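If you read the sequence shown in the working numbering, its first letter stands for residue 1, the second for the next number, and so on.
We put the beta carbon where it would ideally sit given N, CA and C, even for glycine.
From a predicted model like this one, the values you see are computed outputs, not experimental measurements.
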Amino acid sequence: MTDTATRLATRLVDGRDRTVQFFSKLSPEQRSVQVYIEGNCWTVGDILAHMLATEISIYRLLVHILNGGPGAPEDFDINAYNERKVWELREIDPPELLQRFKDERETTIQLVLGLSMDDLAKQGRHPFLGPASLSEIIKLMCMHNQIHIRDIRRMLPTSEGKFAEG
Numbered sequence: 001m002t003d004t005a006t007r008l009a010t011r012l013v014d015g016r017d018r019t020v021q022f023f024s025k026l027s028p029e030q031r032s033v034q035v036y037i038e039g040n041c042w043t044v045g046d047i048l049a050h051m052l053a054t055e056i057s058i059y060r061l062l063v064h065i066l067n068g069g070p071g072a073p074e075d076f077d078i079n080a081y082n083e084r085k086v087w088e089l090r091e092i093d094p095p096e097l098l099q100r101f102k103d104e105r106e107t108t109i110q111l112v113l114g115l116s117m118d119d120l121a122k123q124g125r126h127p128f129l130g131p132a133s134l135s136e137i138i139k140l141m142c143m144h145n146q147i148h149i150r151d152i153r154r155m156l157p158t159s160e161g162k163f164a165e166g
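Set out below in structure tokens:
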């Protein structure tokens, strides 16, 4: 099935709504739980900051590719970039982070709704995927937050004191 701009935008809306719903229900204690113990060593709150940073940077990447740019440089260090951006955003209050995420996602949704099939086929370099079409980059945006939310759920104890399976 061919992904149209409308279908991709709908997926972005659904992902935004699931992300906002999930993070809105977390307590301050839950937001301080460390999720990753290797590499970034991020807490739940850091992951929300990462989601905002990703939303901003991928929007810019999409616009860059739409305007004929090649995408991310081949030597782009995504891990260093992610660390730096999370560090810059980590002190922002979670409600503000979530609102900024919603606003940035809405900007992305509006961009996607205006894309033609030719636009969606344009190729550029994504820092994780490598060479990819705009359609593929947008699909990864749709999955990105859900992957992190799955990881968070695995680290948060349930009301019975057990950890969720996913």
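Handout entry: Ordered list of alpha helix (DSSP H) runs contained in the segment 21 to 55, each at least 4 residues
Key = Segments of the alpha helix (DSSP H) lying fully in the segment 21 to 55: 28 to 31.
Exercise for the section: Using a threshold of 9 Å, state whether the C-beta atoms of Ala49 and Ile78 are closer than that. Expected result: no
Handout entry: For Pro127, three-class secondary structure by DSSP
Key = Here Pro127 sits in coil by DSSP.
Handout entry: Contained beta strand (DSSP E) runs [length at least 3] in the segment 99 to 144, N- to C-terminal order
Key = Entirely contained in the segment 99 to 144, the beta strand (DSSP E) runs reaching 3 residues are, in chain order, 123 to 126, 130 to 133.
Practice task
Give the range of the alpha helix (DSSP H) segment to which Asn67 is assigned.
Solution key: Per DSSP, Asn67 belongs to no alpha helix (DSSP H) and is neither H nor E.
Problem - Backbone secondary structure at Pro73 - three-state DSSP - result: It is coil, neither helix nor strand.
Exercise for the section: Can you have a look at Asp14 and say buried or exposed, based on whether 16 or more other CB atoms are within 10 angstroms of its CB? Expected result: exposed
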